[in-house]
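The next block holds one structure in the form of structure tokens; read it before the comments.
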Amino acid sequence: MEDREAGLQDRLSDLPDYIIHEILCFLEINQAIRTSVLSERWKNLWASVPDLNFNSKSFTEQTFPKFLRRVMSKREDCNVRRLDMFAHLPIRLSSMEGLINYAVAHQVEDFRFVSDDVQPVSLPACGSLKTLFLSRCKFGDLLTSFGFGFVNLTSLDLYVCWFCYSENDFGDPFASCRNLRRLCLRYCRFPSLKRLKITGFQLVSLEIQGFGYGDRGLQEGCAVEIFAPNLLSFVYKFSKPVDFCGLHFPSLDYVEVHVWQHGTDEATDHDKRRASLFLMSMFEGFGNAQSVKLYCETIQVLDLVDGLLEQQPSPFKRLKKVDVQCNRESFKVPAHVTNYLLAGTIGQELHLEVPT
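Numbering (UniProt numbering), first residue to last: 1 to 356.
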């Protein structure tokens, strides 16, 4: 048995460095470091792995910064393909900045930061970055910091992130990401803006979740404008109606909208009318869509005010498919809502989906 195990160990150790590096990339960096005791062959292999996976779960607030410094000081001077940070405890700003600066200096391509608490983050310029995922981050004044100026970034995911603009009514935080093709904003906050613009000349996919006024990310009255001439897919889910003052989607193919208006029984006529008009204004930006998916709550917001929808022409010009998803069998789409959605097309039908 011992001879057999020794033979297997020798065969693994005889693998080329790049294959062993790929194996070590599946481990957290502290686990990869432990492999250095296997043999002289493995002693320094961890120091040149292209992917760094940090997880603070097995550390304390005092020991984790020391561990970060040790890894950065002992690692060989080679590029970082991917860096993952899972922070289960508060991370010192100096430690976070040191890690980000290290990754930028070593040409990181894929950066992922997941935190249990809201973490202040400063993002330096990084021309190598292509994929970025950030959760629970708070960005300082984007007028004085570089913000999201990643010229080669193609995919950006932000979850519960705060955008702080001081003494400014207007924000366009992604305009410098000239090659961004995919953007996902989930439960992000823009508390001080009166006008938010999302500019994406190369965007083909945009998803926004958990949007709305008040406690849902925007200050009351904030208008949202999106300029994305190459956008193919737009998803707006788990959100409330807001003032989309301008949607420029000439290439749009697929749309998914799930909005609702809480407390409709107690809502004033003014609030109901505003919610319906906001949603209809949003739909006007979807004129070129061919496939639309809606939810029964969206239909209810469209139909909050008697007689209002009948006055509106259908926004769709080349629609081929409309699916409405509902969680109850008794729901029916009113005839005037169907007419509003399909009046601009010929021979199309609305399909009601009830999950079993």
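Built from N, CA and C at the ideal position, the CB exists for glycine as well.
Short check: CB of residue i to CB of residue j, under 8 Å?
{"i": "Val259", "j": "Glu225", "result": "no"}
{"i": "Met85", "j": "Arg112", "result": "yes"}
{"i": "residue 361", "j": "Cys188", "result": "The structure shown does not extend to residue 361, since the chain is modelled only from 1 through 356, so no value can be given for it."}
{"i": "Val204", "j": "Arg178", "result": "no"}
{"i": "Leu302", "j": "Val324", "result": "no"}
{"i": "Lys66", "j": "Ala47", "result": "no"}
{"i": "Gly221", "j": "Lys194", "result": "yes"}
{"i": "Ser94", "j": "Val108", "result": "no"}
{"i": "Glu254", "j": "Ser291", "result": "Before going further, note that residue 254 is Tyr rather than Glu in the sequence given. Contact: yes."}
{"i": "Asp110", "j": "Lys130", "result": "yes"}
Just mark residue i as buried or exposed, buried being the case when its beta carbon has 16 or more other beta carbons within 10 Å.
{"i": "Pro250", "result": "exposed"}
{"i": "Ile20", "result": "buried"}
{"i": "Lys293", "result": "buried"}
{"i": "Tyr18", "result": "exposed"}
{"i": "Leu185", "result": "buried"}
{"i": "Glu136", "result": "The sequence shown places Arg at residue 136, rather than the Glu named in the question. Label assigned to Arg136: buried."}
{"i": "Phe163", "result": "buried"}
{"i": "Ser330", "result": "exposed"}
{"i": "Phe150", "result": "buried"}
{"i": "Lys240", "result": "buried"}
{"i": "Leu8", "result": "Note that Leu8 scores a pLDDT of 48, beneath 50, so its modelled location is shaky; the value from the coordinates is reported in the next line. Exposed."}
{"i": "Asp51", "result": "buried"}
{"i": "Ser276", "result": "buried"}
{"i": "Ala32", "result": "buried"}
{"i": "Gln261", "result": "buried"}
{"i": "Pro16", "result": "exposed"}
From what residue to what residue does the alpha helix (DSSP H) around residue i run?
{"i": "Ala223", "result": "No alpha helix (DSSP H) holds Ala223; the beta strand (DSSP E) holding it covers Ala223 to Phe227."}
{"i": "Asp271", "result": "Asp269 to Phe283"}
{"i": "Gln348", "result": "Premise fails: Gln348 is in no alpha helix (DSSP H) and is neither H nor E."}
{"i": "Asn55", "result": "Counting along the chain, Asn55 falls outside any alpha helix (DSSP H), though it belongs to the beta strand (DSSP E) covering Asp51 to Asn55."}
{"i": "Val301", "result": "Cys296 to Leu302"}
{"i": "Val337", "result": "Ala335 to Leu342"}
{"i": "Asp17", "result": "Asp17 to Leu24"}
Along the chain, where does the beta strand (DSSP E) that runs through residue i open and close?
{"i": "Ala103", "result": "No beta strand (DSSP E) contains Ala103, which is instead part of the alpha helix (DSSP H) from Leu93 to Ala105."}
{"i": "Ser233", "result": "Ser233 to Ser239"}
{"i": "Leu193", "result": "Neither: Leu193 is in no beta strand (DSSP E) and is coded neither H nor E."}
{"i": "Glu256", "result": "Tyr254 to Val259"}
{"i": "Arg34", "result": "Per DSSP, Arg34 belongs to no beta strand (DSSP E); it is in the alpha helix (DSSP H), Ile29 to Arg34."}
{"i": "Leu156", "result": "Ser155 to Tyr159"}
{"i": "Lys321", "result": "Lys321 to Gln325"}
Rounded to a whole number of angstroms, what is the C-alpha to C-alpha distance between residue i and residue j?
{"i": "Thr144", "j": "Ser176", "result": "Unreliable placement is indicated for Thr144, whose pLDDT of 45 sits below 50; the coordinate value is still reported in the next sentence. Spanning the two alpha carbons is a distance of roughly 14 Å."}
{"i": "Glu353", "j": "Ala105", "result": "51 Å"}
{"i": "Tyr213", "j": "Asn339", "result": "30 Å"}
{"i": "Leu45", "j": "Asp116", "result": "31 Å"}
{"i": "Asp243", "j": "Phe316", "result": "19 Å"}
{"i": "Gln348", "j": "Leu319", "result": "8 Å"}
{"i": "Phe146", "j": "Cys78", "result": "In this prediction, Phe146 has a pLDDT of 44, which is less than 50 and means its spatial position is unreliable; nothing more can be read from the coordinates."}
{"i": "Asp14", "j": "Asn53", "result": "25 Å"}
{"i": "Asn327", "j": "Pro313", "result": "28 Å"}
{"i": "Thr60", "j": "Val118", "result": "18 Å"}
{"i": "Met1", "j": "Glu28", "result": "Only weak support exists for where Met1 lies, its pLDDT of 44 falling under 50; the coordinates are left without a value."}
{"i": "Leu38", "j": "Glu256", "result": "53 Å"}
{"i": "Phe286", "j": "Leu232", "result": "11 Å"}
{"i": "Leu309", "j": "Ile299", "result": "11 Å"}
{"i": "Thr63", "j": "Thr35", "result": "20 Å"}
{"i": "Leu350", "j": "Val322", "result": "5 Å"}
{"i": "residue 357", "j": "His248", "result": "In this structure the chain extends from 1 to 356, so residue 357 is not present and cannot be described."}
Per DSSP, residue i forms a beta bridge with which residues?
{"i": "Gln209", "result": "Arg186 and Lys237"}
{"i": "Gln312", "result": "Answer by DSSP bridge pairing: none, since Gln312 is not bridged."}
{"i": "Lys66", "result": "Answer is none; Lys66 lacks a bridge partner."}
{"i": "Cys137", "result": "Gln119"}
Does any C-beta atom of chain D lie closer than 8 Å to the C-beta of residue i?
{"i": "Leu341", "result": "Going by chain labels, chain D is absent from the structure shown, which holds only one protein chain."}
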